[in-house]
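**Student:**
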Amino acid sequence: MDIIGIIIAGLFSQNFVLVQFLGICPFLGVSKKIDNAVGMGLAVTFVMVITCLVTYPLYQYVLVPLGLDYLQIIVFILVIASLVQMLEMILKKFMPGLYSAMGIYLPLVTTNCAIMGVAKIITDATVYTNIGTAVMYGLFSGLGFTLAIVLLAGMREKLDKLNLPKALRGFPITLIVACFMAMAFSVFSLVKF
Amino acid sequence: MLNILSFFEETATTIDWGKVGISVAIAGGIALVLGLLIIGISRLCQVKEDPRINEVNDLLAGANCGACGYAGCAGFAKALVEGKADISACGQTSKANVIEIGNILGISVSGNTEETIAVVACAGGNLCADKYQYQGYGNCVSQQLLAGGKKACETGCMGAGSCVDVCPYTAIEVRDGYAHVDPDLCRSCGLCIQTCPKSLIKRVPKSAKVYVACSTNCRGKDVMNKCKAGCISCGICEKNCPTGAIHLVNNVPIIDYSKCTNCGLCLEKCPRKIIRYVHPDKQ
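Which chain is which? The protein sequence lines are A and B, in order. Heads up: the first sequence at position 186 corresponds to 185 in numbering that gives the first Met the number 0, and the numbers run straight through without jumps. Heads up: the second sequence at position 70 corresponds to 69 in numbering that gives the first Met the number 0, and the numbers run straight through without jumps.
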């Protein structure tokens, strides 16, 4: 898979939220305001890159040679959660600006299924043949998540001002909007590279 | 029962204990290394927090209403200690605790400690003319987007109740087409003040007797055309005030509560009855 294919896959055709339906809970939970959505999206992107950077070599050079590939999920949970915890502490000490922008979202992201999903995809799929492509996929999947959550947040801010039937206000209309977004994004999965 | 037992016996013989050992060792080893790393980093990267932040946080009201503009009382406490926020932004913390916080932070808070309540500086409502009929979502904030709301008066309460929605103490209700604050329930948190798109809600001292229930800045003649309740800038209150506490500013009386003696003369003399009691039930 070439680089453009990975970019398109991460952003559109294999968009984590709208095509693979992973990471739905922050998608609905943190999309009330655009500011919060951007913070959450950046935190997810950051953790996804770290995840790919660590889990890919761990799986290829430790678990597979030892024949322990069935341990991948439990080891990934351990490694991702502790790494994010460490990074949070390092950020708090050395980059307080960045920490205040996405610090509160980091603990929410650690055990998210989108993160586990990206780790599982880069280790299982045969197209990611080296760590470079794996990290690229993580980066653009995170950006695809950011794109989806910011788009939804923008629409929800507008929806708050509409005179909707009472039964549709709040989450029902959000789910309907998310459904239409998913239908629109599913068209991208027809694109082949 | 026998079947289950035999199942366990069969599986027990097929378990590869060596493999289990390796799995446990690898998972446990990774967990141990990561745990040690976390301990090490938390020692290295310890951020010293000001102990005063916790003390101030304990003294704040703890309602986490967010009216001060920070994410809850903890955020406000942090901003207070850093000197970024002003304690008067919180209307809920009791007077004694505010003084205590002043002592902790080494600042003087004497000028700001008078308890306040909110009043709605408009009494137009149904007496004020509409410039169009609004048929949208029933909320002042959305109505304001359409040519500044339906009221003919620029500073007229639309009565659609955005303030009622945000009030955590159910102290506001809309009667006769405009909002009323119940002085017994109001705790001066300030959420309605931030929400009102026309900025009609203001704070007055809790001890005050009267307030001006109009915010117009139009001339008397223009008010006469639009509103049967609004202030017509006649200046009778200003002339009759024995202590000079009332002055007309931009065509509307402003009461200086530091000079007001609560005599109530302005309220009696006002021809439009637009100066009103803050606590109508107690009169």
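For each residue, glycine too, the CB sits at the ideal point set by N, CA and C. A quick note: this is a predicted structure, and the numbers were derived from the prediction, not measured.
State the Cα-Cα distance for the pair B:I40 and A:M94, rounded to the nearest angstrom.
**Tutor:** If you take the alpha carbons of B:I40 and A:M94, they lie about 15 Å apart.
**Student:** For the putative contact between A:G9 and A:I148, defined by C-beta atoms under 8 Å, what is the C-beta separation to the nearest angstrom?
**Tutor:** With a Cβ gap of about 14 Å, A:G9 and A:I148 do not count as contacting.
**Student:** Who are the near neighbours of B:C265 in its chain, counting only those whose CB is closer than 7 Å to its CB and skipping five residues on each side?
**Tutor:** Within the same chain, B:C265 has close Cβ partners V209, C236, N239, C240, I245 and I274.
**Student:** Got a sec, what are the start and stop residues for the beta strand (DSSP E) B:R275 sits in?
**Tutor:** Looking at the DSSP string, the run of the beta strand (DSSP E) that includes B:R275 is I274 to Y276.
**Student:** Using a cut-off of 7 Å between C-beta atoms, extract the partners of A:L161 located in chain B.
**Tutor:** Simply Y136.
**Student:** At which residue ranges does the region 77-143 of chain A contain complete alpha helix (DSSP H) runs of 4 or more residues, listed in the order of the chain?
**Tutor:** Those alpha helix (DSSP H) runs which fall completely within the region 77-143 of chain A and span 4+ residues are 95-101, 105-108 and 112-123.
**Student:** Any beta carbon of chain A sitting closer than 8 Å to that of B:S41?
**Tutor:** Judged by the 8 Å Cβ criterion, B:S41 is in contact with chain A.
**Student:** Using three-state DSSP, classify A:L67 as helix, strand or coil.
**Tutor:** If DSSP states are grouped into helix, strand and coil, A:L67 belongs with coil.
**Student:** Chain A partners of B:I29, CB-CB under 8 Å?
**Tutor:** Going along chain A in sequence order, the residues near B:I29 (Cβ under 8 Å) are V74, L77 and V78.
**Student:** For A:A166 and A:M88, I'd like the C-alpha separation in whole angstroms.
**Tutor:** Using only the alpha carbons, I get a separation of about 44 Å.
**Student:** State the Cα-Cα distance for the pair B:S283 and A:F179, rounded to the nearest angstrom.
**Tutor:** Beyond the ends of chain B as shown, which are 0 and 282, falls residue 283 of chain B; an answer cannot be given.
**Student:** Flag A:L65 as yes if its beta-carbon sits less than 8 Å from any beta-carbon of chain B, otherwise no.
**Tutor:** Yes, contact with chain B.
**Student:** Do A:V117 and A:T50 come within 8 Å of each other at the CB atom, strictly closer than that value?
**Tutor:** Yes. Within cutoff.
**Student:** When the Cα atoms are used, what is the spatial distance from B:A66 to B:G74?
**Tutor:** Each residue's Cα considered, the two are about 12 Å apart.
**Student:** Can you give me the C-alpha to C-alpha distance between B:T13 and B:P50, rounded to a whole angstrom?
**Tutor:** Computed Cα separation, rounded: 59 Å.
**Student:** Which same chain residues, not among the five before or five after A:Q13, have their C-beta less than 7 Å away from its C-beta?
**Tutor:** Cβ within range, chain order: Q19.
**Student:** Please classify A:Y69: is it buried, with 16 or more other beta-carbons within 10 angstroms of its beta-carbon, or exposed?
**Tutor:** Flag for A:Y69 reads exposed.
**Student:** For B:C64, which option in B:C121, B:L190 and B:V19 has the closest C-alpha, if you only look at C-alpha atoms?
**Tutor:** Among B:C121, B:L190 and B:V19, the Cα nearest to that of B:C64 is on B:L190.
**Student:** Compare the Cα-Cα distances from B:A228 to each of B:P252, B:G234 and B:R271 and report the closest residue.
**Tutor:** Closest by alpha carbon: B:R271.
**Student:** So what's A:A36 in DSSP terms, helix, strand or just coil?
**Tutor:** Here A:A36 sits in helix by DSSP.
**Student:** Tell me, please, whether the CB atom of A:S99 is closer than 8 Å to any CB atom in chain B?
**Tutor:** It does not: the Cβ of A:S99 has no partner Cβ on chain B nearer than 8 Å.
**Student:** Is the CB of A:S140 under 8 Å away from at least one CB in chain E?
**Tutor:** Of the protein chains in this structure, namely A and B, none is chain E.
**Student:** Taking B:A95 as part of the beta strand (DSSP E), name the residues at either end of that continuous run.
**Tutor:** Unbroken run through B:A95 is the alpha helix (DSSP H), K94 to L104; no beta strand (DSSP E).
**Student:** Could you name the residues of chain A that B:C44 contacts, counting a contact when the two beta carbons are closer than 7 Å?
**Tutor:** Within 7 Å Cβ-Cβ: M88, I89, K91 and K92.
**Student:** With a threshold of 16 other CB atoms inside 10 Å of the CB of A:P25, please say whether the residue is buried or exposed.
**Tutor:** Burial call: buried.
**Student:** Whose CA, out of A:L17, A:I6 and A:I3, lies closest to the CA of A:V186?
**Tutor:** Nearest C-alpha to A:V186: A:L17.
**Student:** Quick check: the Cα distance between B:I171 and B:D183, rounded to an integer number of angstroms?
**Tutor:** Distance between the alpha carbons of B:I171 and B:D183 is about 11 Å.
**Student:** Tell me, please, which residues DSSP counts as bridged to B:A178.
**Tutor:** Answer is B:V173, bridged to B:A178.
**Student:** Per DSSP, which one or two residues make a beta bridge with B:R51?
**Tutor:** DSSP, once it has assigned bridges, lists no residue as partnering B:R51.
**Student:** Tell me the rounded alpha-carbon separation between B:D280 and B:V222.
**Tutor:** C-alpha separation (whole angstroms): 29 Å.
**Student:** Can you give me the C-alpha to C-alpha distance between B:M157 and B:K149, rounded to a whole angstrom?
**Tutor:** Distance between the alpha carbons of B:M157 and B:K149 is about 7 Å.
**Student:** Within its chain, find whatever has a CB closer than 8 Å to the CB of B:N249; leave out the 5 residues flanking it on each side and keep chain order.
**Tutor:** Taken in chain order, the residues that qualify are N216.
**Student:** Note the first and the last residue of the continuous beta strand (DSSP E) segment covering B:A117.
**Tutor:** Where B:A117 is concerned, the enclosing beta strand (DSSP E) stretches over T115 to V119.
**Student:** When the Cα atoms are used, what is the spatial distance from A:I92 to B:L43?
**Tutor:** The sequence shown places Lys at residue 92 of chain A, rather than the Ile named in the question. If I take the Cα positions, the gap works out to 9 Å.
**Student:** Closest to B:Y133 by C-alpha separation, out of B:C127, B:G124 and B:Q143, would be which residue?
**Tutor:** Among B:C127, B:G124 and B:Q143, the Cα nearest to that of B:Y133 is on B:Q143.
**Student:** Is it the case that the Cβ atoms of B:I286 and B:G219 are separated by a distance below 8 Å?
**Tutor:** The displayed coordinates of chain B run from 0 to 282. Any statement about residue 286 of chain B would go beyond what the structure contains.
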